[in-house]
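Okay, so here's the structure we're looking at.
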Amino acid sequence: METTLSRNYATEFDPQAYLNTYYTGPDAEDRFVTQFMVTALQTMPADLLTLELGGGPTLFAVATLAPASREIHFCDYLPANLAEVRRWLAAEPDAFDWGPYIEMTLEEENIPVTPVAVEQRAADMRRKVTRLLRCNALDTSPLGPDTQKYDLVVAQTSLDAMSADIDEWRWVMGNVCRTLIAPEGRLLVSLVSGTEGYSIGDKNFPVLPLTVDDVYQGYIEAGFRADTFQIETMTAPDARDYVGLISAVAQKAAT
Ligand SMILES: C[S@@+](CC[C@H](N)C(=O)[O-])C[C@H]1O[C@@H](n2cnc3c(N)ncnc32)[C@H](O)[C@@H]1O
3 METTLSRNYA
13 TEFDPQAYLN
23 TYYTGPDAED
33 RFVTQFMVTA
43 LQTMPADLLT
53 LELGGGPTLF
63 AVATLAPASR
73 EIHFCDYLPA
83 NLAEVRRWLA
93 AEPDAFDWGP
103 YIEMTLEEEN
113 IPVTPVAVEQ
123 RAADMRRKVT
133 RLLRCNALDT
143 SPLGPDTQKY
153 DLVVAQTSLD
163 AMSADIDEWR
173 WVMGNVCRTL
183 IAPEGRLLVS
193 LVSGTEGYSI
203 GDKNFPVLPL
213 TVDDVYQGYI
223 EAGFRADTFQ
233 IETMTAPDAR
243 DYVGLISAVA
253 QKAAT
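The opening position of the sequence shown corresponds to residue 3 in my numbering, with each subsequent residue numbered one higher.
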């Protein structure tokens, strides 16, 4: 389903401008999100089939997900974002430099940061990302004919960016749970909080302002188990359009 928000992404979102605005080097927020993923992954089985949903032009999450995954499928609404990711996977010389984010990930995993360790992680990321897929999480088959179910779906600041209101967000959570998460699989999300939008230069993109309670209710109504729900929040110390971040994870019921 095409919406005002998805049309806005299709016409206004510039992957390189986004990277140059929000990925100028790992900051406290990147560390918060990475640490949340590192801790959550320690509670999950090995060799996950993982989907990054609405990954944009970014590979920072893949840096954390790669060692825990047997395969990562990466999807986004915009072909231009997938093209940006493809350039890094192909090691094109002018692709975005994710090296500093890989170093930060290794630090958060307590792995000594050496050039060899960074190279090995980059190689693991390139090996594990096996599919780049066009996706619309507002469709009942989000990946079209490629729609399948995953052990882990990770959505970093994408579900709140694509939902116009709380009802749509609840619907998207239910849709993701029904169509993309395997029985006993997990959904890990991060959301920006305390704002109704973010900007890239003179372009503005709405964000649905969600509370911790909204996130909890969204997970439970979608079909995730309350006893597996974990959530953490942080206040963004850096000058941003938003005031904080929420990260959450929970496991879907077996049936
Ligand atoms: C704020 S960006 C987040 C990108 C990246 N995950 C990050 O953490 O920087 C929101 C992303 O959601 C994607 N998006 C917007 N609407 C979508 C939809 N209906 N289905 C899937 N992805 C969508 C956009 O293309 C964009 O890449």
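Where a beta carbon is used, it is the ideal one built from N, C-alpha and C, also for glycine.
Keep in mind the model is a prediction, meaning the values are calculated, not measured.
(request) Could you check how far apart the C-beta atoms of Pro208 and Leu7 are, in whole angstroms? I think they sit under 8 Å. (result) Indeed they touch by this definition, with Cβ atoms about 6 Å apart.
(request) Jot down the residue ranges of each uninterrupted alpha helix (DSSP H) in the stretch 71 to 133, minimum 4 residues, whole runs only, in chain order. (result) 81 to 91, 101 to 110, 117 to 130
(request) Give the DSSP bridge partners of Ala250, in chain order. (result) According to DSSP, which records beta bridges pairwise, Ala250 is partnered with Val191, Ile233.
(request) Report back the beta-carbon spacing between Gln232 and Ala250 to the nearest angstrom; my notes put them in contact at under 8 Å. (result) 7 Å
(message) Assuming Ala139 and Met164 are in contact, meaning their beta carbons sit under 8 Å apart, how far apart are those beta carbons, in whole angstroms?
(response) 6 Å
(request) Would you mind reading off the limits of the beta strand (DSSP E) that contains Asp153? (result) 152 to 158 is the span of the beta strand (DSSP E), which, as asked, contains Asp153.
(request) Quick one: grab the DSSP three-state call for Ser143. (result) coil
(request) Following the continuous alpha helix (DSSP H) through Glu223, name the residue where it begins and the one where it ends. (result) 214 to 224
(message) Strictly by DSSP, which residues pair up with Phe62?
(response) Note: Phe62 sits in no beta bridge, so no partner.
(message) By DSSP's criteria, Glu54 is part of a beta bridge. Which residues make up the other side?
(response) Checking the DSSP bridge columns, you'll see Glu54 partnered with Phe76, Val156.
(message) Under 7 Å: does the beta carbon of Met2 sit that close to some heavy atom of ligand 1?
(response) This structure cannot speak to residue 2, because the chain is shown only from 3 to 257.
(message) Please state the DSSP three-state secondary structure of Glu198.
(response) Residue state, collapsed to three classes: coil.
(message) Following a CB-centred definition, is Phe98 positioned closer than 7 Å to any heavy atom of ligand 1?
(response) Of the heavy atoms belonging to ligand 1, none sits nearer than 7 Å to the Cβ of Phe98.
(request) Evaluate the contact criterion for the stretch 18 to 31 versus the stretch 195 to 209: three or more CB pairs, one atom per stretch, below 8 Å. (result) yes
(request) Tell me whether the beta-carbon of Trp100 lies closer than 8 Å to the beta-carbon of Ala65. (result) yes
(message) Could you tell me the alpha carbon to alpha carbon distance between Val174 and Val131, rounded to whole angstroms?
(response) 24 Å
(request) Taking only the alpha-carbon atoms, compute the straight-line gap between Val115 and Val35 and give it to the nearest angstrom. (result) 19 Å
(request) Determine the contact status of Met106 and Ala68, defining contact as a CB-CB distance below 8 Å. (result) no
(message) By the DSSP assignment, the alpha helix (DSSP H) with Pro17 in it spans what residues?
(response) 17 to 24
(request) State the Cα-Cα distance for the pair Thr13 and Glu198, rounded to the nearest angstrom. (result) 20 Å
(message) Buried or exposed for Met3, going by 16 or more other Cβ atoms inside 10 Å?
(response) With fewer than 16 other beta carbons inside 10 angstroms of its own, Met3 counts as exposed.
(request) Name the one or two DSSP bridge partners that Ile183 has. (result) Tyr152
(message) Quick check on the burial criterion: 16 or more other C-beta atoms within 10 angstroms. Buried or exposed for Gln117?
(response) For the sequence presented, residue 117 should be read as Pro rather than Gln. Exposed: under 16 other Cβ atoms inside 10 Å.
(request) Determine the DSSP secondary structure at Leu161, reduced to helix, strand or coil. (result) helix
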